[in-house]
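As they're listed, the protein sequences go chains A and B.
Each residue of the first sequence is one higher than the one before, counting from 1 in my numbering.
Each residue of the second sequence is one higher than the one before, counting from 418 in my numbering.
Cβ atoms here follow ideal geometry from the backbone N, Cα and C, with glycine treated the same way.
Just so it is clear, the structure is predicted and the values come from calculations on it, not from any experiment.
The block underneath contains the structure these notes are about, expressed in structure tokens.
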Amino acid sequence: MHLMYFTEQPMSAYPVDEGRAFGNTALMFSNRHFDPVAGSKLYQDRIDEYLYVEEMGIDGIMLNEHHNAPFCMQAKANIFAAILAGMTKRVKIVLLGNPLPLAENPIRLAEELAMIDMVSQGRLVSGFVRGGGQEQLATGVNPAFNRERFEEAHDLIVKTWTVPGPFRWEGTHYQHRVVNPWALPLQQPHPRIWIPGVLSTETIIWAAQQRYPYIALNTSIEATKRIWATYDKAAEEVGYTPGPENRGYLQRIFVAETEEKALENARQFMWMQGEFTGLAHPVWSSPSGYFSPERRRDFVQFAVGRATSPRGRPSFEQQIDDMQIIAGTPTSVLPKLRRILEATRPGIMAFWGSDGNVSHEDTRTCIRLLGQEVLPAVREIGKELGLTSPFEANAPVSIRHAEGPEAPAPERVAAAV
Amino acid sequence: MTETLASASTEQHVGVAGVQLHLVRGGSGDPLLVLHHDIGNPGWLPFHRQLAERFEVVAPSHPGYDRSERPEWMRSVRDVAVVYQWLLADLELEAVTLVGLGFGGWVAAEMATMAPTAFRRLVLVGAMGLRPDDGEIMDQALVNYIEYARAGFADQAAFDRVYGAEPSTDQLEAWDRNREMSFRIAWKPYMYSQTLPHLLGGVKTPALVVWGSEDRIVPRSCGEQYARALPNARLEIVPGAGHCLALERPDQLASLIDRFATAG
């Protein structure tokens, strides 16, 4: 198994009452409520936690980005990836991911990611996402072309990494006179690409068609099984049989010395949990053209307040009951993790270990207990269940490179070291 | 969709630029093309019926709006204007009077700049298309479908008459589809052209610019800008009215158009 640590990097210092009074905490919630002094302190805490989680034996650190909302302080995933590339020694740096449609110039992303891969000596996993609905508005990118831009930017980045330049790109949404960036990734043929998601069937099918692992973001067990059914069908159609190496799962989990302490901190997962993790606005989170046309009827009713979110918004108790949130001591969380692993069979498992106002100290305790007791036990369960990661399975990085081992060429890694 | 088609109108689909455009026609007389708002065209309305007493009224749904097919390739409002030039040519209509409502006003203005002498009259009602000197065009991306449609009315009872106090889910879907098409062709800059103001000076067509004094969608400054930039235009303010004049004050607007279009 490949075990990762994740946090949204919450801006917990923002005035919660102001957010409640405004009615939502995204897009238009004023950044006069942002406190750079607190922000600077929180960034130091996060760096310390990331270094500690590496020390405690994690395999990867998962990073993401969001815009105009206090639930996530990462405005650019590549910045923290670059920091970790320089400060960590062993962990994979797993970006889940760069929101491709927001990029006006995907070649810049290709260059940045190549730099991160070289600086980290081949530790980059470069996931891609569509970006949340409100992010299209925050960055001024047309939501109606979100999926087209995602796919075209992806194609351009992969070509940039794998086909020697210079070449010309005349696409629908991107046109480039000269594609010939000097920086190229260390890993060959290119860094692994993983695709995270929660809902969109089109994305699941697309990921399966590319043979990219799909990371289910804390979906319920039943929803996760439906995702794999969709993925597996699409995979069979393009000629391969997926296994655990194609499946990832993100789990909210808080581990503490006592059940009470764990539950208290796990409640912080509700801190910003609303529509897509913030108290988001139903219109801003789902701009026209962004969602699948088959869901139009659901989303328009949600937008005007006639229906609840098609993405769901279960209570804390319900999430504890169906194990979307796990809280407890190492001893009490392991049977639950086993049930999730048995039911969803992922080769990639991410632990979302802290959120909201959980203190730095409690987060470190959670990381320590994960490292000392949970990770080793989960690895054993993974072995027992045959949950091999893409690295262990030496899986091809994509359907286009399905022949033979595609791990980083050792001589190039050695040369870089 | 509370309005039903009057017996005087006919519906058809016409193939233009690779897509099927839906249009409603009625009446007889000089041809008059009515170009609808970004929220779509709710049907053959009292406004159309009154105009149809004096004109041959042609009311298409914009490409990608309501029952007109979406041209996947379309990227600008100027593309819409060219499609309508094509439509008019295929329908063999000449010396047409253009009536553009809100977003449709932008399309009409683009059409007029393309053919400075071809149109008989140009009527712009709360027209989008110009960056306001003062204020901003209301951004539908930030509000829900009902809030946006209601903002077009100074008189909410008029909204209720046209759409019902609680618009149907079918109507919400139509608004979403129309909104998506507006984003596809007018996302950035939002609802205006940076080049249109430089091209209006060539329009020889006599123009009437009509604005509701309470228009919350497009600032009145845009009306003044149009009236200044078009060489042969005057601005008429309708006191107390909102943006969707054709839906809110159908008789008053139709009378204004009738007087203007039949004069001289």
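Apart from sequence neighbours up to five positions away, the residues of its chain that approach Asn649/B with a beta-carbon distance below 8 Å are Val620, Lys621, Thr622, Pro623 and Ala624, ordered along the chain.
Restricted to the region 578-627 of chain B, the alpha helix (DSSP H) segments that are unbroken, complete and at least 4 residues in length are 586-603 and 613-616, listed in chain order. A Cβ of chain A is located within less than 7 Å of the beta carbon of Trp604/B. Considering only Val542/B, Glu597/B and Tyr562/B, the residue with the shortest C-alpha distance to Glu641/B is Val542/B. Under a criterion of Cβ atoms nearer than 9 Å, the residues of chain B adjacent to Gly140/A are, in order, Trp604 and Lys605.
For Tyr565/B, the uninterrupted alpha helix (DSSP H) run begins and ends at Tyr562 to Ala568, by DSSP. The Cβ of Ala144/A sits closer than 7 Å to at least one Cβ of chain B.
Interface residue (Cβ-Cβ distance to chain B less than 7 Å): Arg147/A is not classified as such. According to the DSSP secondary-structure assignment, Phe71/A is paired through a beta bridge with no residue. Excluding its 5 nearest sequence neighbours in each direction, Glu65/A has C-beta neighbours in its own chain below 8 Å: Cys72, Gln74, Ala75, Lys76, Ala77, Asn98 and Pro99, listed in chain order. C-alpha of Ile634/B to C-alpha of Leu547/B: approximately 13 Å in a straight line. Within the region 191-223 of chain A, complete beta strand (DSSP E) segments of at least 3 residues are found at 195-197 and 214-217, given in chain order. Bridge pairing for Trp352/A: Phe6/A and Arg252/A [DSSP]. Its chain contains Ser398 and Ile399 as the residues whose beta carbon lies nearer than 7 Å to that of Gln210/A, once the 5 sequence neighbours on both sides are disregarded; these appear in chain order. Taking all protein chains in view, the Cβ of Glu152/A is crowded by 16 or more other Cβ atoms within 10 Å, so the residue is classified as buried. For the 7 Å CB-CB criterion, Leu369/A and Pro314/A do not form a contact.
Inclusion of Ala262/A and Phe254/A in the CB contact set at 7 Å is warranted, their separation being smaller than that value. Taking CB atoms only, Ser288/A has a neighbour in chain B less than 7 Å away.
When DSSP reads this structure, Asp447/B sits in a beta bridge with Phe472/B. Judged by their CB atoms, Gly371/A and Gly127/A are not nearer to each other than the 7 Å cut-off. Not a single C-beta of chain A is nearer than 7 Å to the C-beta of Glu553/B. Contact note: Gln301/A reaches chain B through Thr586 and Leu589, using a C-beta cutoff of 8 Å and chain order.
Around the C-beta of Gln319/A, 16 or more other C-beta atoms lie within 10 Å, and the residue is accordingly described as buried.
In the DSSP assignment, Thr514/B is bridged to Leu449/B and Arg538/B. The criterion of a C-beta distance shorter than 7 Å is satisfied by Phe472/B and Asp447/B.
Taking 7 Å as the cut-off, the Cβ atoms of Leu3/A and Met323/A do not count as close. Straight-line spacing of the CA atoms in Leu84/A and Phe34/A works out to 24 Å. Annotation: Cβ neighbours of Arg296/A in chain B (cutoff 8 Å, chain order): Glu590, Asp593 and Arg594. Of all alpha-carbon atoms in His190/A, His360/A, Asn31/A and Trp206/A, the one lying nearest the alpha-carbon of Arg147/A is that of Trp206/A. In this structure, Val516/B and Leu449/B form a Cβ contact; the two beta carbons are roughly 6 Å apart against a cut-off of 8 Å.
Here Asn357/A carries a coil assignment [DSSP, helix/strand/coil].
Residues of chain A with a Cβ closer than 9 Å to the Cβ of Arg601/B are, in chain order, Asn142, Ala144, Phe145 and Gly289. Residues of chain A with a Cβ closer than 7 Å to the Cβ of Glu486/B do not exist; the shortest Cβ-Cβ separation is about 14 Å. Within the same chain, Pro636 and Ser638 come within 7 Å of Asp551/B by CB-CB distance, once the 5 residues on both sides are set aside. Interface criterion met: the Cβ of Leu137/A is under 7 Å from a Cβ in chain B.
For Ala558/B, the chain A residues whose C-beta falls within less than 7 Å of its own C-beta are Leu137 and Pro287, listed in chain order.
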